[in-house]
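So the protein lines, in turn, are chains A and B.
At position 107 of the first sequence (counting the first as 1) the number is 239 in the working numbering, and the numbers step up by one without a gap.
At position 466 of the second sequence (counting the first as 1) the number is 454 in the working numbering, and the numbers step up by one without a gap.
Data block below; observations after.
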Amino acid sequence: MADKLIRGAFPLSTGKLAARVGFAPTVSAIVLLLIVLGAIFAPYVAPHDPIMQDPTARLAAPSAEYPLGTDNYGRDLLSRVIYGARVSLIIGIGATLFAVVLGLTIGLVSGFFRLADAIVMRIMDGLMAIPSVLLAIAIVSLMGASIWTVMAAITIPEIPRVVRLVRSIVLSAREEPYVEAALSLGTSMPRILWRHLMPNTFAPLTVQATYVCASAILTEAILSFLGAGVSTETPTWGNIMAEARLYFQLKPSLILWPGLALSLCILSINLLGDAARDVLDPRMGKREA
Amino acid sequence: MTVLSVENLTVAIDDAKGAEVVRGISLEIAAGETVCLVGESGSGKSVTSLAAMGLLPKGSLKTTSGRILLDGEDLLTLRPNELRERRATRMSMIFQEPMTALNPVMKVGDQILEVLTAHTRMPSSEAEAKVTDILGQVGLPDIERMASSYPHQLSGGQRQRIMIAMALVLEPRLLIADEPTTALDVTTQKQILKLIKDLQTGHGTAVLFITHDMGVVAEIADRVYVMNQGALVEDGPVRDVMSNPTKDYTRKLLSSVPSLDPRAPRPPRSKKPTLVVSDLNKVYGGGGFLKRGAETHAVKDVSLELMSGRTLGVVGESGSGKSTLARCVMRMIDITSGGVKIGGQEIGQFGRRAMHPYRKRLQMVFQDPYRSLNPRLTVEQSIVEGPVNYGMPRKEARAKAAELLDLVGLPTNALGRYPHMFSGGQRQRIAVARALAMEPELLVADEAVSALDVSVQAQVLDLLDEIQDRTGIAILFITHDLRVAAQVCDEVAVMHRGRVVEMGTTRDVLGNPQHEYTQSLLAAAPGRDWDFANFRPVAA
Chain A
133 MADKLIRGAF PLSTGKLAAR VGFAPTVSAI VLLLIVLGAI FAPYVAPHDP IMQDPTARLA
193 APSAEYPLGT DNYGRDLLSR VIYGARVSLI IGIGATLFAV VLGLTIGLVS GFFRLADAIV
253 MRIMDGLMAI PSVLLAIAIV SLMGASIWTV MAAITIPEIP RVVRLVRSIV LSAREEPYVE
313 AALSLGTSMP RILWRHLMPN TFAPLTVQAT YVCASAILTE AILSFLGAGV STETPTWGNI
373 MAEARLYFQL KPSLILWPGL ALSLCILSIN LLGDAARDVL DPRMGKREA
Chain B
-11 MTVLSVENLT VAIDDAKGAE VVRGISLEIA AGETVCLVGE SGSGKSVTSL AAMGLLPKGS
49 LKTTSGRILL DGEDLLTLRP NELRERRATR MSMIFQEPMT ALNPVMKVGD QILEVLTAHT
109 RMPSSEAEAK VTDILGQVGL PDIERMASSY PHQLSGGQRQ RIMIAMALVL EPRLLIADEP
169 TTALDVTTQK QILKLIKDLQ TGHGTAVLFI THDMGVVAEI ADRVYVMNQG ALVEDGPVRD
229 VMSNPTKDYT RKLLSSVPSL DPRAPRPPRS KKPTLVVSDL NKVYGGGGFL KRGAETHAVK
289 DVSLELMSGR TLGVVGESGS GKSTLARCVM RMIDITSGGV KIGGQEIGQF GRRAMHPYRK
349 RLQMVFQDPY RSLNPRLTVE QSIVEGPVNY GMPRKEARAK AAELLDLVGL PTNALGRYPH
409 MFSGGQRQRI AVARALAMEP ELLVADEAVS ALDVSVQAQV LDLLDEIQDR TGIAILFITH
469 DLRVAAQVCD EVAVMHRGRV VEMGTTRDVL GNPQHEYTQS LLAAAPGRDW DFANFRPVAA
């Protein structure tokens, strides 16, 4: 029994990873990989410059020249959707990295030091009480729209979720006898945090990071759609949909395609997150026999 | 009349290799009889009982051959719903930890009622009367209040009584009890054992009692089956097996049971005490910033003295404050009032920084060897952590770690391995090596052998004794087990509700207890009339 529990702490070392990951995660991984590759190599993949206008072919139907048709300025929709992935992914990954690093630090401190905990958690409670999109709009309108402010605006509302997770793990892990043992061996507080407590957070944090990433991409799209995101010249999935709103009746595919790309991307990330949870967290999902 | 008969049962791991965990077990239990299945951890005793209940975890264990006959009916051929019906009405089971077996969000009275309504067509008034009746039979006071309590509001002993009530309410032919008293204090254990015995006589139930504790076997069993590594070693009437064991394994198992006969106190190595505790008090809780809470006075006016080269036992039941005392001495927690002196230096009020130089002089071995070693660090990393913290060069610390492993009887190639690759006893040795790496003057062992099998327990106790002989270290030995205390301690302090009620040499305290609490503890020690190591009753 106990042996099984201990092995659960090292799920990756037990091998059989491929066997335990199912069909859906594999497909999601492929879809996500295609999106990422498309974004990185956008200049080579996209048939047109995403901001080049063709006044003769406004709101054109799909053709060999414009595979998904064009928008109201005559810009190629396919190219815009491909380029749009760049902003979404940069913001998604960037916001995730910042949220995880900051959340991990704050969470570790808050979980281990009681005094800090009382103060930090009240601030986090306060942050969580404000709707994240509203908070993001406020930050963007205060500091002006750029990719960095948008990233900050998306990161800040995500931090409390990471902090709470890390804190709860630290709170239970610090009661473990091996932490008490480290204390009696004269190990310093920062070292206990670093060496004995932090490794416990990695698995759940990886899972949480995928959800943060998905949610960051979604929030970015919402902000762009509301006109509070990156400037309208840069194609993002949210921007494309915002502009297409006026022509929705005329040409619904203008909203459909970026929306589809967004949904696919988020669905893939979430499915990967679920798979990561099944593999990393022995308490959820499949158990090893 | 035979109630349960297991014939040639074999259980294997449900995978391609199919390693057998139980091999060809046969046993029989007659109505009104108590049969004990004893063995150390991993012997397959629990798996055998789960197989009988048809409760083997699906996908990981399966029965590969044999028959399990309950009143002549082979349970292995039944369909799941038929088996479920038998399980409710003809056989039932109680477990070690009643808290996990009870529904935490349902009143216990309703839980028992649910068993009745699910399996009988009894009118509700009759069923309720039956619940009250069975709660009375298991000796619970204030039945009305008990029935409308949630599990967390009851004590461990009360919860186990509820479990027994639930198991017996349908008057099963067979009761399987899997270590039902292991998590309980000795005085509670005694009551529960008596209760099972009484109910059995009243109802004629056959009881299959699974335990690792030879003392419990001596108290309750009519017949005993000894298991080791999945196979049956020996069986027979309990007196025969205990007084005349025919197999080596049984002899070894019996002679590992520590005797209640106290050891003679050894002379102290020096005049100056290593540890002096004076009027120590610890109060938990009592609210704080924006919070209000009840205070718990966990340790009350405790004074102790411990010389080098000697072992002082602190015995008591759970909640007596003995672990809190250990943590106060280790300065893992702040002391409310009183003093703790290590080698003449008062450390009771030291802060974290001032405490640092003294940490290495007192070290601790914890109860659970599965949790006291960080699973992500190698054995070497765990052992060198302390010395490196105190400025020893890493290379030197490594050499020392290798030496220490040798001292605690582990091969040096264990250094690079992780804790999960070792057995419980080996892990506890690693924990001892880690503590010794600091060359402490005082070792605090908090229930350090309670989680181990008796034979392993004996080895770890021998190891501690040997180290004490060699280094003259003082040991503060916290335990609930009077047998272990009798074996290793020169002096004992008996704690009850935060106070030391009796203290003196082990020979005086256990040989001639003065305080009534000590007397009741001794009286409750299971199997106290039997001298296991010499295979005969204790000479009066």
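C-beta atoms are modelled at their ideal positions from N, C-alpha and C, and glycine is treated no differently.
Bear in mind that the values here come from a model prediction, so they are computed numbers and not experimental data.
Where does the unbroken beta strand (DSSP E) through residue i begin, and where does it stop?
| i | result |
| --- | --- |
| E283 of chain B | E283 to M295 |
| A462 of chain B | A462 to T467 |
| I13 of chain B | E8 to A18 |
| A0 of chain B | T(-10) to I1 |
| I198 of chain B | A194 to T199 |
| E479 of chain B | E479 to H484 |
| A165 of chain B | L162 to D166 |
| L300 of chain B | T299 to V303 |
| R487 of chain B | R487 to T493 |
| K260 of chain B | No beta strand (DSSP E) contains K260 of chain B, which DSSP labels as neither H nor E. |
| A433 of chain B | L430 to D434 |
With burial defined as no fewer than 16 other Cβ atoms inside 10 Å of the residue's Cβ, what is the status of residue i: buried or exposed?
| i | result |
| --- | --- |
| D469 of chain B | buried |
| M134 of chain B | buried |
| M321 of chain A | exposed |
| V(-1) of chain B | buried |
| I251 of chain A | exposed |
| L403 of chain A | buried |
| E312 of chain A | buried |
| T141 of chain B | Rather than Thr, the amino acid found at residue 141 of chain B in this sequence is Gln. Burial call: exposed. |
| R415 of chain A | Reliability fails at R415 of chain A, whose pLDDT of 49 lies under 50, so the model's placement of it is uncertain and no value is given. |
| S296 of chain B | buried |
| L274 of chain A | exposed |
| G32 of chain B | buried |
| Y176 of chain A | exposed |
| W280 of chain A | exposed |
Rounded to a whole number of angstroms, what is the C-alpha to C-alpha distance between residue i and residue j?
| i | j | result |
| --- | --- | --- |
| G499 of chain B | F354 of chain B | 28 Å |
| G170 of chain A | L386 of chain A | 19 Å |
| G42 of chain B | M79 of chain B | 11 Å |
| T176 of chain B | Q125 of chain B | 16 Å |
| K260 of chain B | G332 of chain B | 8 Å |
| F155 of chain A | A353 of chain A | 28 Å |
| V411 of chain A | K178 of chain B | 45 Å |
| P256 of chain B | I455 of chain B | 15 Å |
| D130 of chain B | S113 of chain B | 20 Å |
| E28 of chain B | S244 of chain B | 12 Å |
| K46 of chain B | H503 of chain B | 52 Å |
| K50 of chain B | V103 of chain B | 27 Å |
| N91 of chain B | M151 of chain B | 11 Å |
| T342 of chain A | I214 of chain A | 22 Å |
| V48 of chain B | M110 of chain B | Residue identity differs from the one stated: residue 48 of chain B is Ser in this sequence, not Val. In a straight line, the C-alpha of S48 of chain B is about 38 Å away from that of M110 of chain B. |
| T120 of chain B | L163 of chain B | 21 Å |
| L200 of chain A | L267 of chain A | 35 Å |
What residue range does the alpha helix (DSSP H) around residue i cover?
| i | result |
| --- | --- |
| C316 of chain B | K310 to V317 |
| C397 of chain A | S385 to L412 |
| I131 of chain B | I131 to A135 |
By Cβ distance, which residues of its chain are closer than 7 Å to residue i, with the 5 residues on each side in sequence left out?
| i | result |
| --- | --- |
| S400 of chain A | S160, V163 and L164 |
| A348 of chain A | I223, G224, A227, T228, I286 and E290 |
| V168 of chain A | L221 |
| S242 of chain A | A248, D249, V252, M253, V295 and R299 |
Going by DSSP, what residues sit across from residue i in a beta bridge?
| i | result |
| --- | --- |
| E61 of chain B | B:L58 |
| Y213 of chain B | B:L25 and B:D223 |
| Y542 of chain B | Coverage of chain B is limited to positions -11 through 528, which leaves residue 542 of chain B absent and any answer about it impossible. |
| W518 of chain B | B:P525 |
| D208 of chain A | A:T202 |
Looking only at its own chain, which residues have a Cβ that is under 6 Å from the Cβ of residue i, when we skip the five neighbours before and after it?
| i | result |
| --- | --- |
| K348 of chain B | Y378 and M426 |
| G276 of chain A | none |
| L300 of chain B | L294, L464 and E479 |
| Q507 of chain B | P501 |
| F230 of chain A | T287 |
Quick one: residues in its chain with C-beta nearer than 8 Å to the C-beta of residue i, no 5 flanking neighbours on either side, listed in chain order?
| i | result |
| --- | --- |
| G147 of chain A | With a pLDDT of only 44 at G147 of chain A, under 50, the local geometry of the prediction cannot be trusted, and the value read off the model is given with reservation. No residues qualify anywhere along the chain. |
| Y237 of chain B | V214, N216, V221 and E222 |
Item checked: Contact residues within the region 367 to 390 of chain B, judged by C-beta distance below 7 Å to chain D -> The chain inventory of the structure shown lacks chain D, comprising the protein chains A and B.
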